[in-house]
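Engineer: There's a structure below that I have some questions on.
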Amino acid sequence: MRMAEESLQLLVVSDLDGTLLDHDDYSFEPVLPILDRMDENGIPMVVNTSKTRAEWLAMRGDFGNVDPFVVENGSAIYDGDEVTVLGTPRAEILEKLKPLKALFKFKGYSDASVTDIMEWTGLGRQSAERSADRHFSEPLLWGDTEEKEEEFCKLIEERGLMTLRGGRFLHVLGKTDKGRPLEHLRKGKVAIVALGDRPNDLAMLEAADIGVVIATGDDFVLEADDVLRSTETGPRGWAEMMTQILDQLNIPQSQTNHG
Ligand SMILES: [Mg+2]
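Below you can see the structure in the form of structure tokens.
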């Protein structure tokens with residue numbers, strides 16, 4: 008772990024689900040005082056999520072956040088009006104999936120109605136619509152054997168794309184990961200703190216100067232070298248570790264009263 012020198016600017020890059028947001032009840036209150044402290048000291052927080060742009064835009068007001076953000080697992084960085092695409096446009100992904108439909112049994116978001124997606128995900132209508140508003144990835148509900156899935160993943164790779172297992176879905180997306188955006192976000196003398204809880208966060212933790220693994224509420228433990236680890240889970244763990252890091256770097260306390 009490299010510690011920031013005094014002259015270094017700090018940038019915090021964070022996963023959303025299970026990290027900033029509680030995995031079970033989606034609460035995030037514990038992080039708010041820390042976000043105020045960061046705000047008052049000019050430290051941006053870039054959310055780096057597998058969610059879509061529409062999903063984060065609907066949520067970020069609750070965090071009082073206006074900083075750049077990364078969506079769909081490292082596929083694109085949104086910074087004001089500027090978009091940096093690191094993944095593959097969805098139209099291209101769908102085009103490459105077309106011929107595979109005859110060979111494998113799967114159903115994608117693009118084949119589904121909003122009602123289907125609500126059923127698959129348990130989301131309400133608005134949330135399902137935001138989740139379906141994808142620009143760089145296609146989630147598939149796999150309906151074939153495991154063997155066929157392996158074969159499918161290989162064919163996807165040969166077509167210059169990749170697959171990612173996440174919960175119920177097999178995501179097809181461009182060859183990118185949550186670590187790649189960090190080299191674009193690192194402008195000038197900046198030290199990056201990254202926080203995450205799952206395997207898709209590993210590349211991000213490795214690309215950061217200080218990687219922080221947030222404990223999960225289940226028995227999953229993310230294996231990673233040279234990282235700090237929270238004892239508490241989700242947003243509590245986030246607040247615990249960010250307080251430690253900001254204190255260690257002598258970043259002044261927030262002037263806002265959080266009583
Ligand atoms: Mg997560």
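For the record, in the sequence shown the residue sitting at position 204 is 211 according to the working numbering, with numbers rising by one throughout.
From the three backbone atoms N, C-alpha and C, an ideal C-beta is built for every residue, glycine too.
#1: So what's V234 in DSSP terms, helix, strand or just coil?
#2: From S203 to L23, what distance separates their C-alpha atoms?
#3: Do you know how far the Cα of A139 is from the Cα of A61?
#4: At a threshold of 8 Å, does R205 count as lining ligand 1 (C-beta to nearest heavy atom)?
#5: Can you name, in chain order, every residue of its own chain whose Cβ lies under 6 Å from the Cβ of C160, other than the five neighbours on each side?
#6: I'd like the ranges of any beta strand (DSSP E) spanning at least 3 consecutive residues and lying wholly in the region 121–175.
#7: Can you check whether the CB of E145 is closer than 9 Å to the CB of V179?
#8: Should the region 74–90 be called in touch with the region 182–198, which here means at least 3 C-beta pairs below 8 Å?
#9: Of the residues T122, M45, V20 and M211, which one's Cα is nearest the Cα of V53?
#10: According to DSSP, simplified to helix, strand and coil, what is A215?
#11: Can you tell which of R193, R97 and M45 has its C-alpha closest to the C-alpha of N257?
#12: Look up G181 in the DSSP assignment and say whether it is helix, strand or coil.
#13: Can you give me the C-alpha to C-alpha distance between L42 and E153, rounded to a whole angstrom?
#14: By the three-class DSSP mapping on this structure, what secondary structure does K112 have?
#15: Would you mind working out which of E156, G173 and F143 sits nearest T128, comparing C-alpha positions?
#16: Which runs of the beta strand (DSSP E) fall wholly inside the region 11–50 and span at least 3 residues, in chain order?
#17: Could you spell out the range, first to last residue, of the alpha helix (DSSP H) harbouring T91?
#18: In three-state terms, what does DSSP make of D86?
#19: Going by other Cβ atoms of all chains shown within 10 Å of its Cβ, with 16 needed for buried, is K58 buried or exposed?
#20: Please state whether the Cβ-Cβ distance between F176 and G150 is less than 9 Å.
#21: Would the beta-carbon of T26 fall within 9 Å of that of G244?
#22: Tell me where the beta strand (DSSP E) around L256 begins and ends.
#23: If I measure Cβ to Cβ from N48 and keep anything under 7 Å in the same chain, skipping five residues before and after, which residues do I get?
#24: Run through DSSP, which three-state label would T223 get?
#25: Classify E102 as helix, strand or coil using the three-state DSSP reduction.
Structural biologist: Short version:
#1: Assignment of V234 by DSSP, reduced to helix, strand and coil, places it in the strand class.
#2: According to the sequence provided, residue 203 is Gly. The question's Ser does not apply to it. The straight-line gap from Cα to Cα measures roughly 8 Å.
#3: Separation of A61 and A139 (C-alpha to C-alpha, rounded to the nearest whole angstrom) is 9 Å.
#4: yes
#5: Within the same chain, C160 has close Cβ partners T170.
#6: With a minimum length of 3 residues, the continuous beta strand (DSSP E) runs that stay inside the region 121–175 are 144–149 and 168–173.
#7: yes
#8: yes
#9: V20
#10: Assigned with DSSP and collapsed to three states, A215 falls in coil, not helix or strand.
#11: M45
#12: When secondary structure is reduced to three states using DSSP, G181 falls in the strand class.
#13: 43 Å
#14: Of the three classes helix, strand and coil, the one that applies to K112 here is coil, per DSSP.
#15: G173
#16: 16–21
#17: Following the DSSP letters along the chain, one finds T91 in no alpha helix (DSSP H) but inside the beta strand (DSSP E) bounded by residues E89 to V92.
#18: strand
#19: buried
#20: Remark: C-beta atoms of F176 and G150 do not approach each other more closely than 9 Å.
#21: Judged by their CB atoms, T26 and G244 are nearer to each other than the 9 Å cut-off.
#22: For L256, no beta strand (DSSP E) encloses it, and the DSSP letter there is neither H nor E.
#23: Cβ neighbours of N48 beyond the five flanking positions: I258 and P259.
#24: coil
#25: helix
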